[in-house]
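**Q**
Residue numbers (full-length UniProt numbering): 1 to 377.
Printed below as a string of structure tokens:
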């Protein structure tokens, strides 16, 4: 589109042209030139220097936003209509998938034109950031608080929806919610704070020397505050009791302890591997960690209405402390403080040990194992 405007007069050229026109006009008018005629020429020059390209770009963006919002809303109307026509056989998962896929289509369609906001709130938020309305000194700590808030609020939401729908939302939806939320959080704040959103992960990285101990208290406080605030807001928004968000060892404390430990061990073992292979994994790391979270929830989690809950699928002291603080019930919270932390440190230490840093690889090793002798940064 840029070549369409190459021949448009610039402001400087327009001013020069208007000056030349004014000189000719004054010569022709001679002594008859009046202040009114000069004003007319100035107004003419102002009209000629109007940025026409900006008008076209703005119109193009407005039309793109209108089209993107139309597509999104039409697809939402379609899935609602299909739900009615099928007698309610289309559930929450299908509705969420439709909304998500529609947003993907819209972003790839008009993202390069208008940014694909399709939401007045998003537009207003970006305008706030551009104009630097908010100033924060330690953005990493704020990012951790915000990431943990998002994670815990989404967990509160799926638990509340389960209650409101009479238990029709099962463990798979619960695990998918946790996994997708982690993906969103990693892509949102991963480049800012590392997206720990988990005191056990923060402590494990610090134990291995991959995170400064001076930042550990700030991170943990931010994570707990984010979880506590999300629990309180979630209980207000959805009108449910905060006790429903508490993680409980309903199959016994010993079973819950070991399940939480092993599940967090798996997550941290994978996270250590991704940290080591970051330049090879790249942006896929968010999806991989989200998959691990979903797996961990499936083997340890529960929704209150399911008949065989185990530990609640916490793997995160902040996730369990938030509801405990709001409800002021700390009966079995020690399980969710100790087990995930031990599991996270154990997973990281085992990965480091398996890399055999001080032993050369044998002649029969695979080509990729030559990197195992390199130090873990």
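Each residue gets a CB set at the ideal place from its N, CA and C atoms; glycine is no exception.
Note that the structure is a prediction, hence the values are computed from the model and not measured.
1) Can you have a look at residue 120 and say buried or exposed, based on whether 16 or more other CB atoms are within 10 angstroms of its CB?
2) Looking at the structure shown, is residue 138 part of a helix, part of a strand, or coil, going by DSSP?
3) For residue 218, collect the residues of the same chain with a Cβ closer than 6 Å to its Cβ; drop the 5 residues on either side in sequence, then sort them by chain order.
4) What residue ranges within the region 67-133 form continuous alpha helix (DSSP H) runs of no fewer than 4 residues, ordered along the chain?
5) Output the distance between the C-alpha atoms of residue 82 and residue 192, rounded to the nearest integer angstrom.
6) Could you check where the alpha helix (DSSP H) with residue 223 kicks off and where it finishes?
7) Who are the near neighbours of residue 286 in its chain, counting only those whose CB is closer than 7 Å to its CB and skipping five residues on each side?
8) What would DSSP say about residue 315, mapped onto helix, strand or coil?
9) When we look at the beta-carbon of residue 247 and count the other beta-carbons within 10 Å, is it buried (16 or more) or exposed?
10) Does DSSP classify residue 213 as helix, strand or coil?
11) Taking DSSP as the reference, what is the three-state secondary structure of residue 61?
12) Whose C-beta lies closer than 6 Å to the C-beta of residue 206 among residues of the same chain, with five residues either side of it excluded?
13) Which two residues bound the contiguous alpha helix (DSSP H) that contains residue 334?
14) For residue 234, does the count of other Cβ atoms within 10 angstroms reach 16, so buried, or fall short, so exposed?
15) Closer than 8 Å by C-beta to residue 30: which residues in its own chain qualify, once you throw out the five before and the five after it? Chain order, please.
16) Once you ignore the five residues that flank residue 298 on each side, which residues in its own chain have a CB closer than 6 Å to its CB?
17) Residues in its own chain within less than 6 Å of residue 269 by CB, not counting five upstream and five downstream?
18) Quick one: using the 10 Å Cβ neighbour count with 16 as the cut-off for buried, is residue 239 buried or exposed?
19) Give the secondary structure of residue 246 by DSSP, where H, G and I count as helix, E and B as strand, and everything else as coil.
20) Please report the distance separating the alpha-carbon of residue 47 from that of residue 58.
**A** On the basis of the coordinates in this document:
1) exposed
2) coil
3) 141
4) 92-114 and 120-130
5) 41 Å
6) 216-238
7) 183, 186, 187 and 190
8) coil
9) buried
10) helix
11) helix
12) 213 and 216
13) 333-354
14) buried
15) In this prediction, residue 30 scores a pLDDT of 48, lower than 50, which makes its location untrustworthy; no coordinate-derived value is stated.
16) 175
17) 347 and 351
18) exposed
19) coil
20) At residue 47 the pLDDT is 47, less than 50, meaning the model places this residue with poor confidence and gives no usable figure here.
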